[in-house]
Every structure is written in C-alpha cells, then in structure tokens.
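The structure appears below as structure tokens.
Number of protein chains: 2
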Amino acid sequence: MIVDHLTPPYYAVIFTTIMKDNIVGYAQTALRMEELAKQQKGYLGIESSRSEIGITVSYWQTLDDIVAWKNNVEHTEARNLGREKWYQKYQLRICRVEREYGFEKSLK
Amino acid sequence: MIVDHLTPPYYAVIFTTIMKDNIVGYAQTALRMEELAKQQKGYLGIESSRSEIGITVSYWQTLDDIVAWKNNVEHTEARNLGREKWYQKYQLRICRVEREYGFEKSLK
Chain X
3 MIVDHLTPPY YAVIFTTIMK DNIVGYAQTA LRMEELAKQQ KGYLGIESSR
53 SEIGITVSYW QTLDDIVAWK NNVEHTEARN LGREKWYQKY QLRICRVERE
103 YGFEKSLK
Chain E
3 MIVDHLTPPY YAVIFTTIMK DNIVGYAQTA LRMEELAKQQ KGYLGIESSR
53 SEIGITVSYW QTLDDIVAWK NNVEHTEARN LGREKWYQKY QLRICRVERE
103 YGFEKSLK
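So the sequences go chain by chain: X and E.
Heads up, the working numbering is the position in the first sequence plus 2, with the first residue counted as 1.
Heads up, the working numbering is the position in the second sequence plus 2, with the first residue counted as 1.
Below, the structure is given as structure tokens:
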C-alpha cells in the first residue's frame, strides 16, 4: 500500500534490511510490530517492499513520536530478537519529509 | 545493495510505485536512469526493492542536486514515458536525513 494522504513537514524512518537465510518466526513478529506501530501516538502510515533487500518506510508526526516508538518495550524486545536471529545487516535513517508529489493514472 | 557509508545531514528521495500490468520497456529505462543518476553531481547512492509495491530511495548531497537531477533532459523524458505507460500510481517524497544507525552481524 502506498501512503498518499500526508502533508509535509512530517518524519520518515527508512529501514533497509538484509535477512539471514533462516528467518523462522520473523513474519509473525513483523506483522505484530506493524499492528503495534499503528497504535502509537503520531503514527501516520507504513510502506513496505522486499526483494533482494527489504525496505520499510514508516511515517510519523514528530521526532518525539519516533523516539517513543523506539523505546516501546515490546518493540525493543522484537528489535533485540531481530539482531540476534534474523538480520544479517540493516541501516535505519530518520528523515524530515520536506516536499511531496503524487501521481495517479486515471482509470479511463 | 544497502547504502551504509553516509553521514547526515544529506537528502533522500523516497519513490514509491505501483506499476501497471504491462511494463514493456520499463526495466531497460530503469537501469539507464540508475546509471545516469550515478553520473550526477551530488549523487550518494541508491536502494531499491520491489514486491507488491516498489520502493526506491536515492541519496543526494543537497536539495539543489535533486532539482538538477529532476531537470535532466533524459530523466524528464523517461519520467514522462513512465507516467504515460508504466506507472499506475506513485508517491515521491524529498527528505532531509537527520540521523542514521547501522547494524551488521559479525560473521563468526
């Protein structure tokens, strides 16, 4: 799903990952984290894609909202599990969205 | 490939896409655009993934570098072709990367 209803400025967390070969338990935890993120203050939306690498971008109202989500206890446990079991490598970037443009093909 | 050698602040363009069913010619143009982007002033790297949606994030030194790439003639032609033939929908966000964290599992 593409998130297309937001107005800058707001914040984005770009999370780029390379997984290990054995990722037993990952899908269930990832779904739970997405569900939990949606309940957090300041959550605006999420976009996710996976092929050779995975890219997940979550959107937030403020930097404080991102810090609060980072410090969520269940999220912290899942992150520790991810580092221990599932992720070969990741990069996480916190960004301020300054401009935004959308395009949608008309259906006719 | 994950881009992991950068130091904030710098800029990211998050380009999220839904393609049409028929994308003849797209792969060749996308590869050419990636090659051309790498030759532009201020280009820092690119990360790309495609499953249900596509997410491509390109990284740039300054906002001016992003505007110059947007105005590149060959890029403009490819973008027009994309709107006409390949993209059902897209969202493009220009962001300032403010913080960054990396993780890599040791091989032992």
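Ideal Cβ placement from N, Cα and C applies to all residues, glycine included.
When the distance is taken between beta carbons, is residue j closer than 8 Å to residue i?
i: E/Trp88; j: E/Gln42; result: no
i: X/Ala14; j: E/Ile16; result: yes
i: X/Glu37; j: X/Ile48; result: no
i: E/Lys91; j: X/Phe105; result: yes
i: E/Gly44; j: E/Asp67; result: yes
i: X/Trp2; j: X/Tyr28; result: Given a span of 3 to 110 for chain X in the structure shown, any question on residue 2 of chain X remains unanswerable.
i: X/Gln93; j: E/Asp23; result: no
i: X/Glu100; j: X/Pro10; result: yes
i: E/Thr57; j: X/Ile25; result: As written in the sequence, residue 57 of chain E is Ile, which differs from the Thr given in the question. Against a cut-off of 8 Å, the Cβ pair of X/Ile25 and E/Ile57 comes out as no contact.
Listing by chain order, which chain X residues have their CB less than 9 Å from the CB of residue i?
i: E/Leu94; result: Arg101, Glu102, Tyr103, Gly104, Phe105
Run down chain X in chain order and give the residues with a C-beta less than 7 Å from the C-beta of residue i.
i: E/Gln90; result: Lys107
Candidates the options: which alpha carbon is nearest residue i's?
i: E/Arg98; options: E/Val59, E/Gly84, E/Ala32, E/Ile25; result: E/Val59
i: E/Thr18; options: E/Asp67, E/Thr64, E/Ser50, E/Pro11; result: E/Ser50
i: E/Arg95; options: X/Pro11, X/Leu94, X/Glu102; result: X/Glu102
i: E/Leu8; options: E/Leu46, E/Glu76, E/Asp23; result: E/Leu46
i: X/Arg34; options: X/Asn82, X/Arg52, X/His77; result: X/His77
i: X/Met21; options: X/Ile55, X/Gln30, X/Thr31, X/Asn82; result: X/Ile55
i: X/Arg81; options: X/Ile4, X/Thr31, X/Leu65, X/Val69; result: X/Thr31
i: X/Arg4; options: E/Asn74, E/Ile4, E/Ser53; result: Rather than Arg, the amino acid found at residue 4 of chain X in this sequence is Ile. Of the candidates E/Asn74, E/Ile4, E/Ser53, the one whose C-alpha sits nearest the C-alpha of X/Ile4 is E/Ser53.
Taking the beta strand (DSSP E) that residue i belongs to, which residues open and close that run?
i: X/Lys91; result: 89-106
i: X/Met21; result: 12-21
i: E/Ile48; result: 45-52
i: E/Thr58; result: 56-62
For the alpha helix (DSSP H) that contains residue i, what are its first and last residues?
i: E/Glu76; result: 75-83
i: E/Thr31; result: 28-40
Output, in chain order, the set of chain E residues within a Cβ distance shorter than 7 Å of residue i.
i: X/Glu49; result: Thr18, Ile55, Ile57
Could you work out which residues of chain E lie near residue i, taking near to mean beta carbons separated by less than 9 Å?
i: X/Arg98; result: Cys97, Arg98, Val99, Glu100
Check the Cβ of residue i against every Cβ in chain E and list those closer than 8 Å, keeping chain order.
i: X/Val5; result: Thr18, Gln93
i: X/Ala70; result: Chain E residues near X/Ala70: none, gap ~15 Å exceeds 8 Å.
i: X/Ala80; result: By Cβ distance, chain E contributes nothing, its closest Cβ being about 14 Å from X/Ala80, past 8 Å.
Practice task
With 9 Å as the C-beta to C-beta threshold (strictly closer), list the residues of the segment 20-47 of chain E near chain X in chain order.
Solution key: Taken in chain order, the members of the segment 20-47 of chain E whose beta-carbon sits within less than 9 Å of a beta-carbon on chain X are Ile20, Lys22.
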